[in-house]
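> 23 is the number of the first residue of the sequence shown in the working numbering; add one for each residue after it. Note that CB positions come from ideal geometry on N, CA and C, so glycine has one too. Structure in structure tokens, see below.
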Amino acid sequence: MVKEQDYVSIHTHTDGSHNDGIISCDKLCEKASLLGQRAVALTDHNSLAAFPRFITAANKHDIKPILGSEFYFVKNAQQSIQTKDNERFHLVVIAKNDQGLKNLIMLHNQSWTKNYFRMHPRSVERGLLDVELLSQYSEGLIITTACYYGGVPQYLFTGDTDNALSLASELKDLFGEDLYFEIADHFIPDETKAFEHLIELAGKMEVKVVAAQDAHYLNKEDAFAQELLIGTRFGYYSGFKFPNDQFYFKSAQEMSETGLKDEYIINTSEIAEKVGNYSWDYSTPKSEEKTLINGAYSKTLTSLDALSRFSMFRKIPSAIFYAYKKLFKEGDPLDTILTEDPKIRKYFEQTPLLEHTVRTLSGVEVGLLPRRELFAAFSSMPPEKFPLERMGIFLISQWAFERE
Ligand SMILES: [Zn+2]
Ligand SMILES: [Zn+2]
23 MVKEQDYVSI HTHTDGSHND GIISCDKLCE KASLLGQRAV ALTDHNSLAA FPRFITAANK
83 HDIKPILGSE FYFVKNAQQS IQTKDNERFH LVVIAKNDQG LKNLIMLHNQ SWTKNYFRMH
143 PRSVERGLLD VELLSQYSEG LIITTACYYG GVPQYLFTGD TDNALSLASE LKDLFGEDLY
203 FEIADHFIPD ETKAFEHLIE LAGKMEVKVV AAQDAHYLNK EDAFAQELLI GTRFGYYSGF
263 KFPNDQFYFK SAQEMSETGL KDEYIINTSE IAEKVGNYSW DYSTPKSEEK TLINGAYSKT
323 LTSLDALSRF SMFRKIPSAI FYAYKKLFKE GDPLDTILTE DPKIRKYFEQ TPLLEHTVRT
383 LSGVEVGLLP RRELFAAFSS MPPEKFPLER MGIFLISQWA FERE
């Protein structure tokens with residue numbers, strides 16, 4: 023049986039993951055601590071914005087913070103941008119020490135500024151990392167091949183062994199023993215198949231395998247809240263969602279119960295041991311760091327397709343913003359609203375999942391823009407498209423509208 027202190031989540035998305043993850047840093051560290059885990063790695067997508075609040079939360083709950091990010095990765099970014107290539111992989115990069123942290127910040131900044139990429143006006147913006155950038159800033163970093171969407175597992179899954187081998191070899195030449203092959207088990211047959219090949223390749227290349235949990239929400243019952251957020255992140259209801267409810271922050275025991283080998287689960291603690299204490303003082307960052315960390319986030323918000331989105335906002339009744347402010351701001355008097363308004367209370371009583379979802383999302387730090395989008399999406403969706411649970415949030419907006 024794997025002990026909780028021998029497992030470290032090395033792949034965790036918080037609400038810093040651009041409307042993809044809904045875990046608050048504080049609740050994340052609290053849960054890890056309650057489970058008896060000693061460290062957590064933060065690996066938000068394309069963003070380092072949550073670093074300060076993650077470090078604060080980790081210190082509060084006596085958890086060792088491991089700073090990382092899950093990048094969008096291609097072999098050659100400029101080529102990929104010019105040819106509008108749809109192929110983009112994931113790659114997890116973790117800072118081992120202060121030098122690694124500097125390089126992680128550089129990689130993040132360079133990928134956003136040099137290799138800024140957006141497929142079309144309504145798609146998600148990205149900064150791309152590539153092999154050349156990685157080789158420039160490789161010192162002090164630990165790399166994992168990321169989830170099923172990592173380059174190596176994707177090549178393996180499609181039977182492209184040559185490319186899988188060449189990419190894995192390039193990464194191994196750069197990172198040596200600091201390269202790990204990452205596997206997970208979210209009960210998805212394609213993923214399982216890709217990871218079987220990855221384990222085989224790990225044996226041949228003498229690379230260690232680590233078992234991860236691609237956590238996007240804290241508990242299993244939060245899956246629907248994450249589905250809401252990710253489904254509306256384009257400013258309209260795209261219907262995009264995860265394949266099942268397995269993307270939550272698991273205990274070592276739950277990891278083991280999925281059938282992942284104990285050895286791979288325990289290997290994660292090797293990564294935690296390699297990571298030292300960072301001396302980086304995020305509370306008074308040097309000016310360039312401030313730009314890099316904060317700038318990355320606001321860039322993402324402000325450089326969204328501002329014009330079209332702004333005109334969309336104007337269509338939203340101000341009452342919906344009122345509801346947004348009242349219901350979706352951290353520390354909101356949701357309970358007061360519940361006791362004051364029997365109509366809302368009734369919706370919640372009829373649909374417990376709705377109440378849970380509203381409460382879960384109300385603690386999530388997301389940029390203003392996506393929250394407005396959430397309401398915009400819900401207020402413009404044809405009612406017949408709504409399953410009952412979703413109807414509730416729509417009704418809350420309507421309710422606010424009627425009140426005004
Ligand atoms: Zn991924
Ligand atoms: Zn991920």
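Would you check if the distance between the CB atom of Y239 and the CB atom of I88 is smaller than 8 Å?
No, they are not a contact pair.
> Hey, would you say the C-beta of D267 is under 7 Å away from at least one heavy atom of ligand 2?
No.
> Can you tell me whether F262 is buried or exposed, with buried defined as 16 or more other CB within 10 angstroms of its CB?
With fewer than 16 other Cβ atoms within 10 Å, it is exposed.
> Among T78, A80, A168, which has the Cα closest to the Cα of I116?
Nearest C-alpha to I116: A168.
> Please work out which residues of its chain come closer than 6 Å, Cβ to Cβ, to K118, disregarding the five sequence neighbours upstream and downstream, and give them in chain order.
G162, I164, K296, V297.
> Closer than 8 Å is the cut-off here; do at least three beta carbon pairs connect the region 201-217 with the region 264-284?
A contact exists between the region 201-217 and the region 264-284.
> Quick one, are the C-beta atoms of Y300 and D120 less than 8 Å apart?
Yes. Within cutoff.
> Output yes or no for whether 8 Å exceeds the beta carbon distance between S160 and G149.
It is not a contact, given that the beta carbons lie outside the stated cut-off.
> Run through DSSP, which three-state label would S333 get?
Low local confidence applies: a pLDDT of 28 at S333 is under 50, so the model's placement there is unreliable, with the coordinate-based value given in what follows. S333 falls in the helix class under three-state DSSP.
> Taking 7 Å as the limit between beta carbons, can you name the residues of its chain near D42, skipping five residues before and five after?
Answer for D42: H35, H67, H238, I252, listed in chain order.
> If you draw a straight line from the C-alpha of L201 to the C-alpha of V232, how long is it?
L201 and V232: Cα-Cα distance of roughly 10 Å.
> What did DSSP end up calling L64 once you bin it into helix, strand or coil?
L64 falls in the strand class under three-state DSSP.
> For the region 210-219 and the region 169-180, state whether three or more C-beta atom pairs, one from each stretch, are separated by less than 8 Å.
Cβ pair count under 8 Å is three or more, so yes.
> Give me the Cβ distance between L220 and P175, rounded to the nearest whole Å; I'm assuming they're in contact under 8 Å.
About 5 Å; that satisfies the 8 Å criterion.
> Closest to E192 by CA distance: which of E204, E222, M227, Y170 is it?
Closest by alpha carbon: M227.
> Check each candidate in Y170, D28, D244 and name the one with the smallest Cα separation from F203.
Ranking Y170, D28, D244 by Cα distance to F203 puts Y170 first.
> Given 7 Å as the limit, tell me if C51 has its C-beta closer than that to any heavy atom belonging to ligand 2.
Because no heavy atom of ligand 2 lies under 7 Å away, the Cβ of C51 does not count as near it: no.
> Does the beta carbon of E92 fall short of 7 Å from some heavy atom of ligand 2?
It does: the Cβ of E92 is within 7 Å (strictly closer) of some heavy atom of ligand 2.
> Going by CA-CA distance only, name the one from V30, C47, Y29 that's closest to L37.
What sits at residue 37 in the sequence shown is Asp, not Leu. The candidate whose alpha carbon is nearest that of D37 is C47.
> Under the rule that 16 or more other beta-carbon atoms within 10 Å means buried, what is K347, buried or exposed?
Reliability of the predicted coordinates at K347 is poor, the pLDDT of 45 falling under 50, and the value obtained from them is presented with this limitation in mind. Label assigned to K347: exposed.
> Quick check on V30: buried or exposed, where buried means 16 or more other Cβ atoms within 10 Å of its Cβ?
V30 is buried by the Cβ-count criterion.
> Are the beta-carbon atoms of I32 and R60 separated by less than 8 Å?
No. Outside cutoff.
> Over what stretch of residues does the alpha helix (DSSP H) that includes A99 continue unbroken?
Unbroken alpha helix (DSSP H) run through A99: 99-104.
> Specify which residues have a beta carbon nearer than 5 Å to any heavy atom of ligand 1, listing them in chain order.
In chain order, the hits are H112, A168, C169, Y171.
> Output yes or no for whether 8 Å exceeds the beta carbon distance between S69 and S91.
Yes, the pair counts as a contact, with Cβ atoms nearer than the cut-off.
> Should D236 be counted as a contact of ligand 2 given a C-beta to heavy atom distance under 7 Å?
Yes.
> Alpha carbon to alpha carbon, how far is T105 from A432? Give it in angstroms, no decimals.
No information on residue 432 is available, as it lies outside the stretch 23 to 426 that the chain covers here.
> Closer than 8 Å, CB to CB, is D195 near chain C or not?
In the structure shown, chain C cannot be found, because there is only a single protein chain.
> Is any heavy atom in ligand 4 found nearer than 7 Å to the beta carbon of H208?
In the structure shown, ligand 4 is absent; the only ligands present are ligand 1 and ligand 2.
> With a CB to CB cut of under 6 Å and the five nearest residues on each side skipped, what residues in its chain are close to S188?
There are no such residues.
> Here's the rule: buried if 16 or more other CB atoms are within 10 angstroms of the residue's CB, otherwise exposed. What is K25?
With fewer than 16 other Cβ atoms within 10 Å, it is exposed.
> Where are the beta strand (DSSP E) runs, 3 residues long or more, that stay fully inside the region 193-276, in chain order?
With a minimum length of 3 residues, the continuous beta strand (DSSP E) runs that stay inside the region 193-276 are 201-205, 230-233.
> Is there at least one non-hydrogen atom of ligand 2 closer than 7 Å to the beta-carbon of H35?
True, at least one ligand heavy atom lies under 7 Å from that Cβ.
> Considering only C-alpha positions, which residue in the set G281, F246, M277, A54 is nearest to F264?
Taking only the C-alpha atoms, the option nearest F264 is F246.
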